[in-house]
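Structure first, then comments.
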Amino acid sequence: MFNNKPPKIIHQIWSETYRPLPLKFKLLSKTWKYHYPDWEYIFWDNEKMDHFISENFTQYMDMYKRFPFDVQRWDSIRYLILYKMGGMYVDFDYESIRPMTELIYQKSCCFAQEPQIHCKIFKKNIMFTNALMVCIPEHPFMKKIIDSVFSEETINHNASIKELCVLNTTGPWKLIDLYESLSKSEKKEIYLIPDQYVSPFNGAQANQFRIGQINAELEKCIDEAYAIHYFLGEWGERKVLNP
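Quick note on our numbering: the sequence shown kicks off at 182 and runs consecutively.
Next up, the structure:
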């Protein structure tokens with residue numbers, strides 16, 4: 182059992198290789214700063230990410246540059262940051278509704294679960310994401326992720342279909358496979374935050390709510406929510422999940 186508490190740091194990353202951080206993401210980011218006023222906030226741009234790896238993980242620099250897709254770099258560096266520094270990593274398409282302090286109290290490693298309907302869509306027994314993670318420094322599961330992500334198997338994975346390649350090598354499906362390989366005692370050290378708290382909408386509902394098409398059903402979905410994931414990732418072919 183880990184006694185350490187995750188440090189009060191919020192990490193968000195954005196590469197300006199393709200475009201500056203959009204206003205919609207800046208506004209969502211402000212919700213995290215508002216609800217966690219005593220937490221340090223770190224914005225990771227390209228320069229800061231490259232410097233971080235060169236200073237702390239030189240052994241991975243070559244492979245980091247060899248990933249066929251930029252999103253694999255954006256995935257992998259979040260694991261390195263959490264392993265080295267700890268804290269909370271959150272994607273820019275997440276909105277904070279209220280502090281999760283009570284949810285993550287005395288938890289050493291946390292991942293946000295996705296709605297059950299996503300398991301059916303993607304034919305998975307369980308679905309959780311790397312879009313919202315909380316971790317203490319040097320957690321063994323984060324190390325397990327890093328060891329698997331920074332491997333020749335990842336580099337040599339079939340990259341003909343970008344989305345499947347990313348999901349299976351550096352993204353959520355990789356994490357899910359690694360989690361399912363753990364022993365019962367190892368799984369006890371990882372808290373999968375129930376979806377009603379951190380992903381109250383499926384992809385289609387999130388889009389409906391975001392554009393203002395709000396009804397009683399959607400309102401009820403957020404009764405227990407601490408955060409909302411809008412599933413606005415633009416790197417893949419799928420923009421909105423439709424059950």
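Even glycine gets a Cβ: it sits at the ideal position worked out from N, Cα and C.
Identity of the residues DSSP links to residue i by a beta bridge
| i | result |
| --- | --- |
| residue 479 | Only positions 182 to 424 of the chain appear in the structure, and residue 479 is not among them; the question remains open. |
| residue 193 | 224 |
| residue 410 | 275 |
| residue 309 | 294 |
Limits of the unbroken alpha helix (DSSP H) element including residue i
| i | result |
| --- | --- |
| residue 359 | 353-361 |
| residue 372 | No alpha helix (DSSP H) holds residue 372; the beta strand (DSSP E) holding it covers 372-374. |
| residue 334 | 333-336 |
| residue 394 | Note, residue 394: premise wrong, no alpha helix (DSSP H); not H, not E. |
| residue 240 | 239-247 |
| residue 344 | 343-350 |
| residue 367 | 365-368 |
Minimum C-alpha distance to residue i - residue among the options
| i | options | result |
| --- | --- | --- |
| residue 285 | 229, 349, 185 and 223 | 185 |
| residue 271 | 245, 291, 283 and 368 | 291 |
| residue 403 | 198, 391 and 341 | 391 |
| residue 191 | 203, 211 and 202 | 211 |
| residue 126 | 226, 354, 333 and 202 | Residue 126 is absent from the structure shown; the chain starts at 182 and stops at 424. |
| residue 410 | 293, 373, 366 and 350 | 293 |
| residue 264 | 289, 222 and 302 | 289 |
| residue 241 | 360, 202, 223 and 330 | 330 |
Closer than 8 Å: residue i CB and nearest the ligand NAD heavy atom
| i | result |
| --- | --- |
| residue 365 | The ligand content of the structure shown is nil, which means the ligand NAD is not present either. |
Interface flag, residue i vs chain D, CB-CB below 9 Å
| i | result |
| --- | --- |
| residue 294 | This model lacks chain D altogether; it includes just one protein chain. |
Say whether the segment 290-302 touches the segment 213-229, bearing in mind that this needs 3 or more beta-carbon pairs closer than 8 Å, one atom from each stretch. With a cut-off of 8 Å, the segment 213-229 and the segment 290-302 do not count as touching, because too few Cβ pairs lie within range.
Decide yes or no for the touch test of the segment 251-264 against the segment 308-322: beta carbon pairs closer than 8 Å, at least 3 of them. As far as the Cβ criterion goes, the segment 251-264 touches the segment 308-322, which means the pair count is three or higher.
contact_flag[the segment 315-322, the segment 392-402] where n(CB pairs < 8 Å) is 3 or more: Short answer: they don't touch.
Measuring CB atoms only, is the segment 343-351 touching the segment 367-378, in the sense that at least three cross pairs come out at less than 8 Å? The segment 343-351 vs the segment 367-378: no contact.
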